[in-house]
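A.B. asks: In the numbering used here, the protein residues as written are 1396 to 1785. We treat Cβ as the ideally placed atom computed from N, Cα and C, and that holds for glycine. Let me begin by handing over the structure; questions about it come next.
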Amino acid sequence: MRRTLPTLLALAVLLAPTALAQTLRIGAAAAATGAASALGEPEANTFRMLQEQYDAAGGINGVRVEIVFLDTASDTAQAVTNVNRLIQEEDVHVVICCTISANSLAIIDTVQEAGVPNISLAAAAEIIEPVDERYWVFKTPQTDRLMIGGIVQDMVRSGLRTLAFLGIDDAYGEGGLNELNAAIAGTDIQVVAVERYGRSDTNVTAQVLSAIRSNPDAVLIWGVVRDTALVVEELANRGYEGQVYVSHGVGNPSFLELAGDAANGVRLPIGPMIVVDELTDDNEIKPVAQAYVEQYEAQFGAGTASTFGGHAWDAVKAVELALLHAMEQGELDWGDTASVRKALRDALEEMGPFVGVGGVFDYTAGDHLGLDERALVIVEIRDGNWTLAR
C-alpha cells in the first residue's frame, strides 16, 4: 500500500520505539572539496545538520541514524572508491551520492551489483533511465530534461528563435545538449552554435566569440557555479545583448558573487526554494523549503542556503520515510543488511508522494525521480538577487 506524507509522519508517533540496538546506516558521498565544492559543500553541511538533529531526537522511531560521510573531492575515481568503501567496509543500508553527473554515472554499476539503494544528487536524466536498468538508483535534483523544457517554454513565450549553446565538456554538458535538441523538436527554435569548455578552464574567450559570431537571440550556458560565472562575465565583456540562460547548476549564492553585475538579466530554471519568499502561501512546497532554509542558515549563516543542500535534505528525508514505510510493513531484520537494503529500495517505490525542498516527489516503479512542473520556476537575476520571473 502506498502512503501519503502525513500518514508516514504519523507512523513515527504511532509505532512504539524499540529497545533493540538498531542503526540505520546512510552512506553519503559528496564533493565537499574540489571543482564542484560550491555544490557539494552545502550538501555536506546538510548531512552534518541532519545527523545532529537525529542525534538530538534519538533517531527515527527508536532506530539510531548514522550518516557516514566521505568527500569525493569532485573526482570520479574517488567517488567510486568512496562508494565501495561505504558498501563493503561501512556496511551501509543506502548510499546518497553523488554531487555531479559524471560521478553519479560512474557508481551505478557498483550499487547495482551490490544491491544497495542509491539516491543521486546530480541532474542527468540518464542516472535513472532506463529505470529497468537502474533498479537500485533514485535521485532528488530535477533532471536536465525538466529544466531545459522550462527554458524552451520561456524562449517560445519570449519569441526567441536562435540559440547558442556553451557547455562543460563532460557528462553534464553532453546531457544538457542532448536534452536541448530533444526539447526544441517541433518548435521554431534553432541551435546555431555549440561550444564546449573544460570545468576548470580559466579562459573561455574563444568559445564565447565563436558563439556570439552567429548572432543568436539567446545563449544557454550549461555548467555549474564557477565556470558559468566565467562565461557570463565574458559575454558581458564582449557586449552580448541577447538573453542569457544558465543551468540550475548555479543555484548557489557564490554564483551571484562571482558573476557580479554581469549576471543582471540572466535567467535560469531552478527549484522553488531559491525564491521561497516569493512563492504564494498556498504553494505546498513553501513551508518545507522555508523550514529547511531557516534551519540551515541558523547554523551556517544568513544567505548561505542553496538548492544543492536542499537536494541532500530531500534524499535523507526520502530514506527516513522509506524506513517508516518498511517498518510498517513488518519487522526489519537488522542483522541481515541485504534484506534491509531491499526493504528500503522497495519502500521508496511504494511509500507514496512526499513534499520536499525541491518539489513534490512520487517515486514509482516506472519513475525514480517523481517530480513534475511544481519543481520548476524561472528565475531572473536582478541587482544581485534571485527574482521570480513568472
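Given this structure, state the Cα-to-Cα distance separating threonine 1471 from alanine 1518, to the nearest angstrom.
C.D. replies: Start at 1 with the first residue of the sequence shown, and residue 1471 comes out as number 76. Start at 1 with the first residue of the sequence shown, and residue 1518 comes out as number 123. Taking the straight line from one Cα to the other gives about 16 angstroms.
A.B. asks: Tell me valine 1586's beta-bridge partners as DSSP assigns them.
C.D. replies: Stepping through the sequence shown from its first residue, residue 1586 is reached at position 191. In DSSP, valine 1586 forms a bridge with Leu1558.
A.B. asks: So, at 8 angstroms on beta carbons, what are the nonlocal neighbours of alanine 1733 in its own chain, with the 5 sequence-adjacent residues on each side left out?
C.D. replies: Here residue 1733 refers to the residue found at position 338 of the sequence shown. Closer than 8 angstroms at Cβ, skipping near neighbours: Gly1510.
A.B. asks: Do the region 1427-1437 and the region 1475-1487 meet, that is, are 3 or more Cβ pairs less than 8 angstroms apart?
C.D. replies: With the cut-off at 8 angstroms, the region 1427-1437 and the region 1475-1487 do not touch.
A.B. asks: Which residues bound the beta strand (DSSP E) around threonine 1782?
C.D. replies: Residue 1782 sits at position 387 when you count from the first residue of the sequence shown. 1780-1783 is the extent of the beta strand (DSSP E) around threonine 1782.
A.B. asks: Using 10 angstroms around the beta-carbon of proline 1682, count the other beta-carbons present and answer buried if the total reaches 16, otherwise exposed.
C.D. replies: Residue mapping note: residue 1682 aligns to position 287 of the sequence shown, counting from 1. Exposed, by the Cβ-count rule.
A.B. asks: Pull up the distance between the alpha-carbon of valine 1526 and that of aspartate 1656, whole angstroms please.
C.D. replies: Locating residue 1526 in the sequence shown gives position 131, where the first residue counts as 1. Locating residue 1656 in the sequence shown gives position 261, where the first residue counts as 1. Looking at the two C-alpha atoms, the distance is approximately 42 angstroms.
A.B. asks: Using a Cβ-Cβ cut-off of 7 angstroms (strictly less than) and excluding sequence neighbours within five positions of valine 1809, which residues of its own chain qualify?
C.D. replies: Since the first residue of the chain shown is 1396 and the last is 1785, residue 1809 is not available in this structure.
A.B. asks: In the DSSP assignment, find the unbroken beta strand (DSSP E) run with proline 1664 in it and report its ends.
C.D. replies: Here the question's residue 1664 lines up with position 269 in the sequence shown. Segment 1662-1665, the beta strand (DSSP E) holding proline 1664.
A.B. asks: Give me, in chain order, the residues of the same chain whose beta-carbon lies closer than 8 angstroms to that of asparagine 1479; leave out the 5 immediate sequence neighbours on both sides.
C.D. replies: Taking the first residue of the sequence shown as 1, we reach residue 1479 at position 84. Only Thr1505 meet the Cβ criterion.
A.B. asks: Would you call alanine 1405 buried or exposed, if buried means 16 or more other Cβ atoms sit within 10 Å of its Cβ?
C.D. replies: The count along the sequence shown starts at 1 and reaches residue 1405 at position 10. Below a pLDDT of 50, predicted positions are generally treated as unreliable, and alanine 1405, at 43, falls in that range; no measurement from the model is reported.
A.B. asks: Can you list, in chain order, the residues of its chain whose CB lies under 7 angstroms from that of valine 1645, leaving out five sequence neighbours each side?
C.D. replies: Sequence index remark: in the sequence shown, residue 1645 carries index 250 (1-based). Result list for valine 1645: Val1619, Val1620, Thr1623, Leu1663, in chain order.
A.B. asks: Suppose the cutoff is 8 angstroms on Cβ atoms and the five residues either side in sequence are ignored; what does the same chain contact list for threonine 1494 look like?
C.D. replies: For this step, residue 1494 is matched to residue 99 along the sequence shown. The residues are Ala1425, Ala1426, Ala1431, Leu1434, Gly1435, Glu1438, Thr1467, Ser1469, Leu1516, Ala1517, Phe1703.
A.B. asks: What separation, rounded to the nearest whole angstrom, lies between the Cα atoms of leucine 1771 and glutamine 1537?
C.D. replies: Locating residue 1771 in the sequence shown gives position 376, counting from the first residue. Locating residue 1537 in the sequence shown gives position 142, counting from the first residue. Leucine 1771 and glutamine 1537: Cα-Cα distance of roughly 8 angstroms.
A.B. asks: Determine the burial state of aspartate 1450: buried for a count of at least 16 other Cβ atoms within 10 Å of its Cβ, exposed for fewer.
C.D. replies: The count along the sequence shown starts at 1 and reaches residue 1450 at position 55. Label assigned to aspartate 1450: exposed.
A.B. asks: If you draw a straight line from the alpha carbon of alanine 1588 to that of aspartate 1767, how long is it in whole angstroms?
C.D. replies: Along the sequence shown, read from residue 1 onward, the residue named residue 1588 stands at position 193. Along the sequence shown, read from residue 1 onward, the residue named residue 1767 stands at position 372. Cα to Cα, alanine 1588 sits roughly 30 angstroms from aspartate 1767.
A.B. asks: What do you get for leucine 1604, buried or exposed, if any count of 16 or more other CB atoms within 10 angstroms of its CB means buried?
C.D. replies: Counting from one through the sequence shown, the residue named residue 1604 turns up at place 209. Leucine 1604 is exposed by the Cβ-count criterion.
A.B. asks: Between tyrosine 1592 and aspartate 1565, what straight-line distance do the alpha-carbon atoms span, to the nearest angstrom?
C.D. replies: Here residue 1592 is taken as the residue at index 197 of the sequence shown, counted from 1. Here residue 1565 is taken as the residue at index 170 of the sequence shown, counted from 1. Looking at the two C-alpha atoms, the distance is approximately 9 angstroms.
A.B. asks: Secondary structure at glutamate 1636, three-state DSSP: helix, strand or coil?
C.D. replies: Here residue 1636 corresponds to residue number 241 of the sequence shown, with the count starting at 1. The answer is coil: DSSP assigns glutamate 1636 none of H, G, I, E or B.
A.B. asks: Helix, strand or coil for alanine 1425, going by three-state DSSP, please let me know.
C.D. replies: Your numbering for residue 1425 matches position 30 in the sequence shown. Three-state result, alanine 1425: strand.
A.B. asks: Identify whether isoleucine 1502 lies in helix, strand or coil by the three-state DSSP scheme.
C.D. replies: Residue mapping note: residue 1502 aligns to position 107 of the sequence shown, counting from 1. Three-state result, isoleucine 1502: coil.
A.B. asks: Helix, strand or coil for threonine 1399 per DSSP?
C.D. replies: Position 4 of the sequence shown holds residue 1399. Residue confidence for threonine 1399 is low, a pLDDT of 45 falling below 50, so the modelled location carries little weight; the figure read from the coordinates is stated next. Residue state, collapsed to three classes: coil.
A.B. asks: Please report the distance separating the alpha-carbon of valine 1599 from that of alanine 1742.
C.D. replies: Residue 1599 sits at position 204 when you count from the first residue of the sequence shown. Residue 1742 sits at position 347 when you count from the first residue of the sequence shown. Distance between the alpha carbons of valine 1599 and alanine 1742 is about 46 angstroms.
A.B. asks: Mark aspartate 1709 as exposed unless 16 or more other C-beta atoms lie within 10 angstroms of its C-beta, in which case mark it buried.
C.D. replies: Here residue 1709 is taken as the residue at index 314 of the sequence shown, counted from 1. Buried: at least 16 other Cβ atoms inside 10 Å.
A.B. asks: Can you tell which of Met1542, Leu1716, Ile1584 has the C-alpha that lies nearest to the C-alpha of arginine 1552?
C.D. replies: Walking along the sequence shown from the start, residue 1552 turns up at place 157. Arginine 1552 has its Cα closest to that of Ile1584, out of Met1542, Leu1716, Ile1584.
A.B. asks: Please list, in chain order, all residues of the same chain as arginine 1594 whose beta carbon is under 7 angstroms from its beta carbon, the five residues on each side excluded.
C.D. replies: On the sequence shown, position 199 is the one that residue 1594 refers to. Within the same chain, arginine 1594 has close Cβ partners Ala1430, Ile1563, Asp1565, Asp1622.
A.B. asks: Kindly indicate which three-state DSSP category aspartate 1709 falls into: helix, strand or coil?
C.D. replies: Within the sequence shown, the letter at position 314 stands for residue 1709. Here aspartate 1709 sits in helix by DSSP.
A.B. asks: My guess is that glycine 1666 and glycine 1754 are in contact by the Cβ rule of under 8 angstroms, so how many angstroms apart are they, rounded?
C.D. replies: In the sequence shown, residue 1666 corresponds to position 271, counting from 1. In the sequence shown, residue 1754 corresponds to position 359, counting from 1. The Cβ separation is near 7 angstroms, so the contact holds.
A.B. asks: May I have the straight-line CA-CA distance separating alanine 1407 from glutamate 1723, to the nearest angstrom?
C.D. replies: By one-based count along the sequence shown, residue 1407 stands at place 12. By one-based count along the sequence shown, residue 1723 stands at place 328. Confidence is the limiting factor: at alanine 1407 the pLDDT is only 43, short of 50, which leaves the residue's position unreliable, though a coordinate-based value still follows. Between alanine 1407 and glutamate 1723, the C-alpha separation is close to 10 angstroms.
A.B. asks: Just confirm the distance between the C-beta atoms of isoleucine 1421 and valine 1735, as a whole number of angstroms; I'd bet it's less than 8 angstroms.
C.D. replies: Here the question's residue 1421 lines up with position 26 in the sequence shown. Here the question's residue 1735 lines up with position 340 in the sequence shown. So it is not a contact: roughly 12 angstroms between Cβ atoms.
A.B. asks: Looking at the strands, I want to know which residues DSSP matches up with aspartate 1369.
C.D. replies: Given a span of 1396 to 1785 for the chain in the structure shown, any question on residue 1369 remains unanswerable.
A.B. asks: Please classify arginine 1608: is it buried, with 16 or more other beta-carbons within 10 angstroms of its beta-carbon, or exposed?
C.D. replies: Sequence index remark: in the sequence shown, residue 1608 carries index 213 (1-based). Its Cβ having fewer than 16 others within 10 Å, arginine 1608 is exposed.
A.B. asks: Taking the straight line between their C-alpha atoms, what separation do you get for threonine 1675 and isoleucine 1669?
C.D. replies: For the purposes of this step, residue 1675 is identified with residue 280 of the sequence shown, where counting begins at 1. For the purposes of this step, residue 1669 is identified with residue 274 of the sequence shown, where counting begins at 1. Whole-angstrom Cα-Cα distance: 14 angstroms.
A.B. asks: Assuming the contact rule is C-beta atoms closer than 8 angstroms, leucine 1651 and aspartate 1612 should be a hit. Round their C-beta distance to whole Å, please.
C.D. replies: Working through the sequence shown from its first residue, we reach residue 1651 at position 256. Working through the sequence shown from its first residue, we reach residue 1612 at position 217. No, leucine 1651 and aspartate 1612 are not in contact; Cβ-Cβ is about 25 angstroms, not under 8 angstroms.
A.B. asks: Strictly by DSSP, which residues pair up with isoleucine 1616?
C.D. replies: The sequence position of residue 1616 within the sequence shown is 221, counting from 1. Answer is Leu1561, Val1641, bridged to isoleucine 1616.
A.B. asks: Would you mind stating whether aspartate 1596 and glycine 1571 have Cβ atoms separated by less than 7 angstroms?
C.D. replies: Taking the sequence shown and counting its residues from 1, the one referred to as residue 1596 is at position 201. Taking the sequence shown and counting its residues from 1, the one referred to as residue 1571 is at position 176. Going by C-beta atoms, aspartate 1596 is not nearer than 7 angstroms to glycine 1571.
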